[in-house]
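Colleague: Residue numbers for the sequence shown follow my numbering, so the first one is 3 and each next one is one higher. Questions regarding the structure given below will be posed in turn.
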Amino acid sequence: MSSDLIKRYGDELYEALRANATVAPLTERESELDLDTAYRISLHFLQRRLDDGEAVIGKKIGVTSRAVQDMLNVHQPDFGYLTDTMMYSSGATLPISETSDFNCST
C-alpha cells in the first residue's frame, strides 16, 4: 500500500477522533490492507495526536483471548498506544454518555 494511502487513512482516523465520528472499517474498503500496513496507519494516526501535544503514557493490548480472536477472525493480539488524554484518575467519572467530551481510539 502506498504511503499516500497510509497517510490518508491515518488522517481520516485522526479527523474522526477529533469529530467524535465513526468511519467504515478500513478492512472493508481496502483489500490490500495487511497487518504491517495497519500498524503503519496507526503510527501515522498517533503522530497526528502527538503533534497536537498529546504524550504517550503507555501501551495497550487487546484481543488476547482465543474466543475473541475466533469471533473477530484474527490470530494474534493487537496493540496500541495510550496517551495522556485517555487517562482518568482513580474513581473519576467517565463521561461516556457525553460523546462530545469523550474520545476513544484504535
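Ideal Cβ placement from N, Cα and C applies to all residues, glycine included. Since this is a predicted model, take the numbers as computed values, not measurements.
Helix, strand or coil for phenylalanine 104, going by three-state DSSP, please let me know.
Modeller: Numbered from its first residue, the sequence shown carries residue 104 at position 102. With a pLDDT of 47 at phenylalanine 104, under the threshold of 50, the predicted position of this residue should be treated as unreliable, though the coordinate-derived value follows. Looking at phenylalanine 104 - three-state DSSP - the assignment turns out to be coil, as it is neither helix nor strand.
Colleague: Using DSSP with H/G/I as helix, E/B as strand and the rest coil, what is valine 65?
Modeller: Here residue 65 corresponds to residue number 63 of the sequence shown, with the count starting at 1. In this structure, valine 65 counts as coil in the three-state DSSP scheme.
Colleague: Anyone know if the C-beta pair for methionine 89 and isoleucine 59 falls short of 9 Å?
Modeller: The residue you call residue 89 lines up with position 87 of the sequence shown. The residue you call residue 59 lines up with position 57 of the sequence shown. Yes. Within cutoff.
Colleague: Measure from the alpha carbon of tyrosine 41 to the alpha carbon of each residue in Pro97, Ser5, Asp54, then state which is nearest.
Modeller: Counting from one through the sequence shown, the residue named residue 41 turns up at place 39. Nearest of Pro97, Ser5, Asp54 to tyrosine 41, Cα basis: Ser5.
Colleague: I'd like the span of the beta strand (DSSP E) that includes glycine 12, first residue to last.
Modeller: Taking the first residue of the sequence shown as 1, we reach residue 12 at position 10. Per DSSP, glycine 12 belongs to no beta strand (DSSP E); it is in the alpha helix (DSSP H), 5-21.
Colleague: Give me, in chain order, the residues of the same chain whose beta-carbon lies closer than 8 Å to that of isoleucine 8; leave out the 5 immediate sequence neighbours on both sides.
Modeller: If you number the sequence shown from 1, residue 8 lands on position 6. Closer than 8 Å at the Cβ level, and outside the excluded window around isoleucine 8, lie Thr39, Arg42, Ile43, His46.
Colleague: Are there 16 or more other CB atoms within 10 angstroms of the CB of glycine 12, so buried, or fewer, so exposed?
Modeller: As a working mapping, residue 12 is identified with position 10 in the sequence shown. Under this definition glycine 12 is a buried residue.
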